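For what it's worth, full-length UniProt numbering labels the leading residue of the sequence shown as 1, then goes sequentially.
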Amino acid sequence: LWDIYDSDQYVSYPDDDLQVASTVVDVSNGKVIAQLGARHQASNVSFGTNQAVETNRDWGSSMKPITDYAPALEYGVYDSTATMVNDIPYNYPGTSTPVYNWDRAYFGNISLQYALQQSRNVPAVETLNKVGLDRAKTFLNGLGIDYPSIHYSNAISSNTTESSKQYGASSEKMAAAYAAFANGGIYHKPMYINKVVFSDGSEKEFSDAGTRAMKETTAYMMTEMMKTVLTYGTGRGAYLPWLPQAGKTGTSNYTDDEIEKYIKNTGYVAPDEMFVGYTRKYSMAVWTGYSNRLTPIIGDGFLVAAKVYRSMISYLSEDDHPGDWTMPEGVYRSGEFVFKNGARSTWSSPAPQQPPSTESSSSSSDSSTSQSS
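What follows is the structure, given as structure tokens:
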């Protein structure tokens, strides 16, 4: 991981200042097998900030699977990955503030799978509204993520009103949360210590038994949808043809005021770009951005998070191929979609596959208002 961060052998970085923070966990037990909080770290720093566990940056659309769509499947709001959802003009519930997609366009009636694959914001917010804030918060708590209070803007953002690391998202928290998808719905707290050997030779071992965060069927359906993020969607930069894996991109945004006052670049810019992905054995969450949040990611900088993930997960998997997931009882496949038993497999044709473009967790105008609510 150090070599991936601090050389151009694996990833082409736009400059030396772009930072990376990531965590890799073993999905079967929560053990942290790798973590690095910055590029080009000074060797003499003893008590510096570890960005890998900090929650002060916005994880954007990578929150959609755990805040919106998994709870919707878990609580019976949706019964298949083919469920049709609306990508049409829509306001944050109870407000006149519109929810925008990154491209300010709308795809109309699309499948749930396509909405996640192409990271459409409107279906995510509407899904959270259907799930309900309280149920979403409970679901997130089961994955080790909490907010002092949850808002509809959290459908597409991890922003929180509190600065405490107890709240919000970090690479550590996100790797552990997504590991539950890989592990059939069982969540393990991140573990850093395996055992302690005392001076008298006695030992104390540490482990986390794990808790069920979601049904096995929910985890499987989410994995099947997030596989398409890497093959057809916004996460194609992380794709490896020989490795069964799933994941989700995330892009945060600047407010309109920040762009007007501080951001001079007229192209597409963002303060944070993330990728969270997993195989049957490992889960990895990657954050990228600049230490000064007002220094924007531009151009090829948006590709770094997925490439860091791809380089590390390839290294971990090349000699230990974990294989694909097995479909559990309680669901069945029809075509490209997965249905809960009892769900009808009739559906309208989704929108045609479109080449993905850079996506943002929310538009510059809606997030500036709603995230502070």
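Glycine included, every Cβ here is placed at the ideal spot set by N, Cα and C. Please read all numbers here as calculations on a predicted model, not as lab measurements.
With 16 or more other Cβ atoms from the protein chains shown falling within 10 Å of its own Cβ, Gln245 counts as buried. Residue burial is scored here from C-beta neighbours: Trp2 has fewer than 16 other C-beta atoms within 10 angstroms and is therefore classed as exposed. Comparing alpha carbon positions, the residue from Asp134, Pro296 and Ile33 closest to Ala72 is Asp134. In the structure shown, Trp102 adopts coil according to DSSP, grouped into three states. With distances taken between CA atoms, His40 lies nearest to Ile4 out of Asp79, Ile4 and Ala285. Boundaries of the beta strand (DSSP E) around Thr23: Gln19 to Asp26. Apart from the 5 residues on each side of it in sequence, Ser311 sits with its Cβ closer than 7 Å to the Cβ of Ile4, Tyr10 and Val11 in its chain, given in chain order. Under the three-state reduction of DSSP, Asp208 is assigned to coil, being neither helix nor strand.
Taking a contact as a CB-CB distance under 8 Å, the pair Tyr106 and Pro89 counts as one, their CB atoms being some 7 Å apart. The beta carbons of Thr81 and Met221 sit closer together than 7 Å.
Between the beta-carbon of Ser119 and that of Thr249 there is about 6 Å, and that keeps the pair under the 8 Å contact cut. For Ser80, the beta-bridge partners assigned by DSSP are Phe339. When the five nearest sequence neighbours on each side are left out, the beta carbons in the same chain lying within less than 6 Å of the beta carbon of Tyr178 are those of Val276, Tyr278 and Ser283, in order along the chain.
Straight through space, the alpha carbons of Tyr75 and Leu128 are spaced by roughly 12 Å. A residue is called buried when at least 16 other Cβ atoms come within 10 angstroms of its Cβ; Tyr13 meets this threshold and is buried. In the structure shown, the three-state DSSP call for Trp325 is coil.
Distance from the CA atom of Glu216 to the CA atom of Glu260, rounded to whole angstroms, is 46 Å. Proximity to Leu294 across Tyr315, Pro271 and Ser149 peaks at Pro271, based on C-alpha coordinates.
Residue range Gly108 to Ser111 is occupied by the beta strand (DSSP E) that includes Ser111.
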